[in-house]
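K.L.:
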Amino acid sequence: TARPTTAAAAPQGLNLSQAAVSLLWLPASRPWIQPCSAGLLRATAHSVQSSLSVTQHGHSITPNTMELVQDAISVMYYTLQHHGQYLATSAGQQGHAAVAAAAECMLGALQGTILVREAMASAAVVVWSAAVLPNAPPAAAAAAFAQGITPQQLQQARLQSTVSSSSSSSSSSS
Numbered sequence: 015t016a017r018p019t020t021a022a023a024a025p026q027g028l029n030l031s032q033a034a035v036s037l038l039w040l041p042a043s044r045p046w047i048q049p050c051s052a053g054l055l056r057a058t059a060h061s062v063q064s065s066l067s068v069t070q071h072g073h074s075i076t077p078n079t080m081e082l083v084q085d086a087i088s089v090m091y092y093t094l095q096h097h098g099q100y101l102a103t104s105a106g107q108q109g110h111a112a113v114a115a116a117a118e119c120m121l122g123a124l125q126g127t128i129l130v131r132e133a134m135a136s137a138a139v140v141v142w143s144a145a146v147l148p149n150a151p152p153a154a155a156a157a158a159f160a161q162g163i164t165p166q167q168l169q170q171a172r173l174q175s176t177v178s179s180s181s182s183s184s185s186s187s188s
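Quick note on this note's numbering: the sequence shown kicks off at 15 and runs consecutively.
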């Protein structure tokens with residue numbers, strides 16, 4: 015099992031991501047990137063996680079590093095979009111571990127406050143992409159998401175609203 019990238023090695027991983035993002039959007043690159051897609055995804059996730067971890071110790075991230083993190087998040091997105099089926103099936107345990115590392119990294123980033131808005135949106139898309147592997151039809155995934163999450167949230171909001179309105183009406187009648 016690969017160990018997470020150290021904070022000192024994180025910039026090297028971000029540089030790898032910067033090079034990869036310039037290639038991943040090219041359809042011609044897909045056949046030769048696919049065999050290394052699990053390693054690329056996992057290395058990128060660990061680099062982002064390590065880069066963001068410095069904020070837990072009171073350090074800030076430079077604008078340049080944030081830009082590199084955004085590129086790395088794009089690498090995770092492109093890798094999942096174009097090689098997700100391979101990662102979920104043919105890549106075996108390495109593919110599964112890479113998808114899990116990317117999803118966990120982005121979920122952690124979404125729970126924090128360090129990422130800029132554009133990176134947060136991209137992080138959410140990475141988590142979504144990892145969740146719907148292997149290649150779930152978008153309509154089915156959207157329906158499952160809407161049925162599985164929205165009704166619970168609506169019910170919770172209704173209950174909170176009912177509790178709030180009954181509390182305020184009993185307060186005003188006193």
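Even for Gly, the Cβ is constructed at its ideal location relative to N, Cα and C. Owing to the predicted nature of the structure, the values given are computational and were not obtained by experimental measurement.
(1) Report yes if the CB atom of Ser43 is closer than 8 Å to the CB atom of Tyr91, and no otherwise.
(2) Could you tell me the distance, in whole angstroms, from the CA atom of Ala99 to the CA atom of Glu81?
(3) Going by other Cβ atoms of all chains shown within 10 Å of its Cβ, with 16 needed for buried, is Arg131 buried or exposed?
(4) If you compare alpha carbons, which of Leu147, Val141 and Val146 is closest to Ala59?
(5) Helix, strand or coil: how does DSSP classify Val130 here?
(6) With H, G and I counted as helix, E and B as strand and the rest as coil, what does DSSP make of Thr58?
(7) Out of Ile75, Pro49, Arg56 and Ser31, which has the shortest C-alpha to C-alpha gap to Cys119?
(8) Identify whether Gly98 lies in helix, strand or coil by the three-state DSSP scheme.
(9) Thinking just about the alpha-carbon of each residue, which of Gln84, Ala111 and Thr93 is nearest to the one in Ser65?
(10) Using the beta-carbon count (16 or more within 10 Å), is Gly106 buried or exposed?
(11) Pull up the distance between the alpha-carbon of Thr93 and that of Ser31, whole angstroms please.
(12) Quick one: what does DSSP say Ile47 is sitting in, helix, strand or coil?
(13) If you compare alpha carbons, which of Ala145, Leu147, Thr127 and Val139 is closest to Gly72?
(14) From the DSSP output, in three-state form, read off Val113 for me.
(15) Report yes if the C-beta distance between Ala86 and Ser61 is below 8 Å; otherwise report no.
(16) Ordered along the chain, which non-local residues of its own chain (more than five positions away) have a Cβ less than 6 Å from that of Leu28?
(17) Relative to the alpha-carbon of Ser51, which residue among Gln95, Asn78, Gln70 and Thr79 has its alpha-carbon at the smallest distance?
(18) Helix, strand or coil for Ser104? Go by DSSP, reduced to three states.
P.N.:
In short:
(1) no
(2) Reading off the sequence shown, one finds Gln at residue 99, where the question assumed Ala. If you take the alpha carbons of Gln99 and Glu81, they lie about 28 Å apart.
(3) exposed
(4) Among Leu147, Val141 and Val146, the Cα nearest to that of Ala59 belongs to Val141.
(5) coil
(6) helix
(7) Arg56
(8) helix
(9) Looking only at Gln84, Ala111 and Thr93, the smallest Cα-Cα distance to Ser65 is reached by Gln84.
(10) It counts as exposed.
(11) 11 Å
(12) helix
(13) Thr127
(14) helix
(15) Yes, these two residues count as a Cβ contact at 8 Å.
(16) Ser61, Leu82 and Ala86
(17) Of Gln95, Asn78, Gln70 and Thr79, the residue nearest in Cα terms is Gln95.
(18) In the three-state reduction of the DSSP assignment, Ser104 falls in the coil class, being assigned neither a helical nor a strand state.
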